[in-house]
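What follows is a short report on a single structure.
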Amino acid sequence: MRRSVPSAFLWVFLVWLLLLAWTGICIAGEYQVSRIVDGDTIIVKKGDTKLTIRLVGIDAPEISHAKHEPGQPFSQQSTKHLAGLILNQSVDIISYGNDRYGRTLGEVFLGGNNINLEMVKAGLAEALLQKGKTWNRTGRVRTRPGSQGRACGCKVTST
């Protein structure tokens, strides 16, 4: 039996995320989601610490930051969907370093659910495999020298 392209793609994406999670670094503790910037960027707080998190592995439509500009198609729906999933919730984050803008690249989990994957499943983001320090276009994970993998006190166990 032949798999459809979307289901096969989601399967490959899920396997890739599992490999990525295996080598990730956990940001210890839970963070409160205080703001949704767009469909793939959030701001979280823990005490006095405030971080901008770019959901790794996905790309959502960009919202416009200019007045009276609509942004890309489905950008508002993507942002609202992500807000409905995690705004004002406590989430666990697995970090994969920073991007060129200083944002933390991370997988976000709520109650064991991978929010990055949920955005792809909802059709409001697409899988993004890009060349980087810990992963590349083939989805093969490249660990950093001296990396201890996922040795952290992370609560997420179902990755």
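Here our numbering = 1-based position in the sequence shown + 96.
All residues carry an ideal CB built from backbone N, CA and C; glycine is no exception.
Please read all numbers here as calculations on a predicted model, not as lab measurements.
Per DSSP, the beta bridge partners of Gly202 are Leu151 and Ser191. Where Ile182 is concerned, the enclosing alpha helix (DSSP H) starts and stops at Ser171 to Ile182. Rounded to the nearest whole angstrom, the CA to CA distance from Leu151 to Gly167 is 19 angstroms. Contact between the region 175–192 and the region 205–217 is present: three or more C-beta pairs spanning the two stretches fall below 8 angstroms. Residue burial is scored here from C-beta neighbours: Tyr127 has at least 16 other C-beta atoms within 10 angstroms and is therefore classed as buried.
His177 counts as buried, since no fewer than 16 other beta carbons sit within 10 angstroms of its beta carbon. Taking every protein chain shown into account, the CB of Asp134 has 16 or more other CB atoms within 10 angstroms, so this residue is buried. A residue is called buried once 16 or more other Cβ atoms fall within 10 Å of its Cβ, and Gly207, having fewer, is exposed. Shown here, Ile159 sits in coil according to DSSP, grouped into three states, outside any helix or strand.
In this structure, the alpha-carbon of Leu147 lies about 12 angstroms from that of Tyr197. For Glu165, there is no enclosing alpha helix (DSSP H), since its DSSP letter is neither H nor E. With respect to the 7 angstroms criterion, Ile154 and Ala221 are classified as neighbours on the basis of their beta carbons. Within the same chain, Cβ atoms closer than 7 angstroms to the Cβ of Thr175 are found at Ile132, Asp134, Gly135 and Ile159, the five residues on either side in sequence being excluded.
When DSSP states are grouped into helix, strand and coil, Ala104 belongs to the helix group.
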